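Enquirer: Numbering (UniProt numbering), first residue to last: 1 to 606. Glycine included, every Cβ here is placed at the ideal spot set by N, Cα and C. All figures in this text were calculated on a predicted structure; none of them were measured in a lab.
(1) Go through its chain and collect everything with a Cβ distance to residue 624's Cβ below 7 Å, but skip five positions before and after it.
(2) Give the DSSP-derived three-state secondary structure of residue 347 in the structure shown.
(3) How long is the line joining the alpha carbons of residue 129 and residue 192, rounded to whole angstroms?
(4) Around the Cβ of residue 310, are there at least 16 other Cβ atoms within 10 angstroms (buried) or fewer (exposed)?
(5) Please classify residue 515 as buried or exposed, where buried requires at least 16 other C-beta atoms within 10 Å of its C-beta.
(6) Taking 8 Å as the cut-off, does the segment 153 to 160 touch the segment 117 to 135 (at least 3 CB pairs, one atom from each stretch)?
(7) Are the beta-carbon atoms of residue 149 and residue 203 separated by less than 9 Å?
(8) From 141, 88, 194, pick the residue whose C-alpha is nearest to that of residue 508; which is it?
(9) Cα separation between residue 459 and residue 190?
(10) Going by DSSP in three states, residue 384 sits in which element: helix, strand or coil?
(11) Ignoring anything shorter than 3 residues or poking outside the segment 495 to 570, list the beta strand (DSSP E) runs there in chain order.
(12) Quick one: what's got a C-beta closer than 8 Å to residue 104's C-beta in the same chain, skipping five residues either side?
(13) Indicate the three-state DSSP secondary structure (helix, strand or coil) for residue 170 in the structure shown.
(14) Please list, in chain order, all residues of the same chain as residue 284 whose beta carbon is under 6 Å from its beta carbon, the five residues on each side excluded.
(15) Just reading off the beta strand (DSSP E) that residue 235 is part of, what are its end residues?
(16) One question on the structure: do residue 634 and residue 235 come within less than 9 Å of each other, judged by their Cβ atoms?
(17) Let me confirm a value: residue 252 is counted as buried when at least 16 other C-beta atoms fall within 10 Å, else exposed. Which label applies?
(18) Does residue 53 pass the burial test, meaning 16 or more other C-beta atoms within 10 Å, or should it be called exposed?
(19) Note down the Cα distance separating residue 113 from residue 177, rounded to an integer number of angstroms.
(20) With distances taken Cα to Cα, identify the nearest neighbour of residue 165 among 174, 181, 173, 175.
(21) Opposite residue 582 in the DSSP bridges: which residues?
(22) Let's see if you can read the secondary structure: which residues bound the beta strand (DSSP E) around residue 327?
(23) Buried or exposed, going by whether 16 or more other CB atoms sit within 10 Å of the CB of residue 115?
(24) Have a look at 320, 306, 97, 365 and flag the residue whose alpha-carbon is nearest the alpha-carbon of residue 555.
(25) Express the C-alpha separation of residue 120 and residue 463 in angstroms, rounding to a whole number.
(26) Got a sec, what are the start and stop residues for the alpha helix (DSSP H) residue 434 sits in?
(27) For residue 342, which residues from the same chain have a beta carbon less than 8 Å from its beta carbon, with the 5 sequence-adjacent residues on both sides left out?
(28) Thinking C-alpha only, which one of 357, 322, 382 is nearest residue 292?
(29) Are residue 323 and residue 568 closer than 9 Å when you measure CB to CB?
(30) If you follow the beta strand (DSSP E) that residue 260 is in, where does it begin and where does it stop?
(31) Between 87, 298, 289, which lies nearest to residue 573 when the distance is taken from Cα to Cα?
(32) Could you tell me which residues DSSP pairs with residue 676 in its beta bridges?
(33) Can you name, in chain order, every residue of its own chain whose Cβ lies under 6 Å from the Cβ of residue 348, other than the five neighbours on each side?
(34) On a CA-only basis, which of 529, 199, 213, 510 is nearest residue 540? Give me that one, please.
(35) Measure how close the beta-carbons of residue 486 and residue 78 come, nearest whole angstrom, since I'm counting them as under 8 Å.
(36) Per DSSP, which residues does residue 175 bridge with? Please list them.
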């Protein structure tokens, strides 16, 4: 009888345990899809050299100006000093809880937080702060800093930081070194990773009341560098913090190798190029293959003091082109935008400007499985698009869409006629050589440009449009003026891009680029003013997808909708990264899928 009783108790206990929900455990890394590639005992990222020598200095050069050091506020959103939080030069001053590995689509590893405890349903995540994490003034990084960051971003920050608290049901300190985020129904499966990538600011070093004011006073962060010198609009100098807390953690080994980083500002690209030739600037990364070959004709390059190199990447190219402000009535009709999209003569431009070295941009995730090109819509995609009939033309649905191909003469009449007939079908007509809209008003627009290269490209487009009576003017503005106009959406058309970078793991940033709410938010990156429920639904499906198949289907639907919406006239791309640099620099042998990473380069010892 005793044995039976013991067996029953054991069985009941087993059944009780087996029906408890799965419990997550703290992990060294988290991934958007699947599992992180590197094990808990990884020593460093594969594209970093842990033995890279430390020392020396480097000077980066940029075009523009700056009047602010706080990268988290709306004022001077696009004129904040480079380097504070920087995709190219590294996060020199401010750091997030976790660090991205740029050799994976979207995986994060411990930084300010050494581990993360994410519930399997992604309804919550608890970060365990590294006890060694410190601010540059020696104060420890605490849960109170994390709580303050979200409080001040919500009240005083800029998009996208200002909106993140709206996804959080509860934010609480759970220990001396831990903090937990519990999410509400607005959140999605990517939200925990976005939280992990949010830069943290020190509570003791900021005044919430004045947080949204521009400042040129050096700010305290947790990063590897401190601000040593500021010359407003001209120069910012960063010095390595010898007491940087994170120099030996795996995610930072092999990075931040210079004792001093200087970022010089120039009024235009020509002045920047001349500074590079003289040795003031360490690198030049001109994207025009013809121009850069011409620009490299100077003594230092011929002597071997300057090296030019190309790097292959594994991510879709960023789409650049002529972007329309669809908030304006003249661009409200997608048929008008489609006709305008037909009139960029890529074949002529590629032959005469780019030496035939470019390919035509056609998709927002070109050359990847996420692209609509070459992939007929499957049942998952059709189900997502079913509530929005007619949004996507047949050729975009079946993956055969291609923009018109001209004969390269610069005056292909068949393409001109096709675009004209499309406009004519909705009431446009030409009178005395001028295109008139259905109300009888002249149809034309202004293109803003920020450089001679952009002006040259706009001139090509202008000449083609004029052939069917569309009056286009080109206005050249300096970098500050362009950024200010972008922030206020005060433009008709400009040469822009679909984002600062592209990814094999598109996520919540797509809301900022294409979402309806962002279309109304000053300072957002939805410059085109896209406000389409179908686009919103596709982004939502992408963010909520649990399987890879559902995720790919949702991104392809988004691609089909963006192609069909003709919000941009995509121009051209080259998948290789090109860079010229003075030969005192050296870089790791391995290039990650996102391309070269300047924070992992170093200066050769004497």
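Expert: On the basis of the data shown:
(1) Limits of the chain in this structure are 1 at one end and 606 at the other, which puts residue 624 out of reach.
(2) Position 347 of the chain shown holds residue 347. Helix, per DSSP.
(3) In the chain shown, residue 129 corresponds to position 129, counting from 1. In the chain shown, residue 192 corresponds to position 192, counting from 1. So the alpha carbons of these two residues sit roughly 15 Å apart.
(4) Residue 310 sits at position 310 when you count from the first residue of the chain shown. Classification of residue 310: exposed, given that the 10 Å Cβ count is below 16.
(5) The count along the chain shown starts at 1 and reaches residue 515 at position 515. When all chains shown are included, residue 515 counts as buried.
(6) no
(7) To locate residue 149, count along the chain shown from 1; it is residue 149. To locate residue 203, count along the chain shown from 1; it is residue 203. Their beta carbons are under 9 Å apart, which means residue 149 touches residue 203 by this criterion.
(8) Working through the chain shown from its first residue, we reach residue 508 at position 508. Ranking 141, 88, 194 by Cα distance to residue 508 puts 194 first.
(9) Mapped onto the chain shown, residue 459 falls at position 459. Mapped onto the chain shown, residue 190 falls at position 190. Computed Cα separation, rounded: 42 Å.
(10) Walking along the chain shown from the start, residue 384 turns up at place 384. Reduced to three states, the DSSP call for residue 384 is helix.
(11) 568 to 570
(12) Within the chain shown, the letter at position 104 stands for residue 104. Closer than 8 Å at Cβ, skipping near neighbours: 31, 36, 37, 593.
(13) The residue labelled residue 170 in the question sits at position 170 within the chain shown. Residue state, collapsed to three classes: strand.
(14) For this step, residue 284 is matched to residue 284 along the chain shown. The residues are 276, 580.
(15) Translated into the one-based positions of the chain shown, residue 235 becomes position 235. First-last of the beta strand (DSSP E) with residue 235: 235 to 240.
(16) Lying before the first or after the last residue shown, residue 634 is absent from the chain, which here runs from 1 to 606.
(17) By one-based count along the chain shown, residue 252 stands at place 252. That one is buried.
(18) Residue mapping note: residue 53 aligns to position 53 of the chain shown, counting from 1. Burial call: exposed.
(19) On the chain shown, residue 113 is found 113 positions in, with the first residue counted as 1. On the chain shown, residue 177 is found 177 positions in, with the first residue counted as 1. Distance between the alpha carbons of residue 113 and residue 177: 9 Å.
(20) Within the chain shown, numbered from 1, the residue matching residue 165 stands at position 165. Nearest of 174, 181, 173, 175 to residue 165, Cα basis: 181.
(21) By 1-based counting over the chain shown, the position of residue 582 is 582. Answer is 306.
(22) Locating residue 327 in the chain shown gives position 327, where the first residue counts as 1. Run containing residue 327: none; DSSP gives neither H nor E here.
(23) Translated into the one-based positions of the chain shown, residue 115 becomes position 115. It counts as buried.
(24) Here residue 555 refers to the residue found at position 555 of the chain shown. Of the listed residues, the one whose Cα sits closest to residue 555 is 365.
(25) For the purposes of this step, residue 463 is taken as residue 463 along the chain shown, with counting starting at 1. For the purposes of this step, residue 120 is taken as residue 120 along the chain shown, with counting starting at 1. About 57 Å.
(26) Residue 434 sits at position 434 when you count from the first residue of the chain shown. Unbroken run through residue 434 is the beta strand (DSSP E), 434 to 436; no alpha helix (DSSP H).
(27) For the purposes of this step, residue 342 is identified with residue 342 of the chain shown, where counting begins at 1. Closer than 8 Å at the Cβ level, and outside the excluded window around residue 342, lie 403, 404, 415, 418, 419, 422.
(28) The count along the chain shown starts at 1 and reaches residue 292 at position 292. If we check each option's Cα against that of residue 292, 357 comes out closest.
(29) Position 323 of the chain shown, counted from the start, is the residue given in the question as residue 323. Position 568 of the chain shown, counted from the start, is the residue given in the question as residue 568. Taking 9 Å as the Cβ cut-off, residue 323 and residue 568 qualify as a contacting pair.
(30) Mapped onto the chain shown, residue 260 falls at position 260. It spans 260 to 266 - the beta strand (DSSP E) in which residue 260 sits, taken as one unbroken run.
(31) As a position in the chain shown, residue 573 is number 573, starting the count at 1. Residue 573 has its Cα closest to that of 289, out of 87, 298, 289.
(32) Not covered by the structure: residue 676. The range shown for the chain is 1 to 606.
(33) Along the chain shown, one-based indexing puts residue 348 at 348. Cβ neighbours of residue 348 beyond the five flanking positions: 408, 410.
(34) For the purposes of this step, residue 540 is taken as residue 540 along the chain shown, with counting starting at 1. It is 510.
(35) Along the chain shown, one-based indexing puts residue 486 at 486. Along the chain shown, one-based indexing puts residue 78 at 78. Yes, they are in contact, since the Cβ atoms of residue 486 and residue 78 sit about 7 Å apart, within 8 Å.
(36) As a first step, residue 175 is located in the chain shown; it is residue number 175 there, counting from the start. The partner list for residue 175 (beta bridge, DSSP) reads 178.
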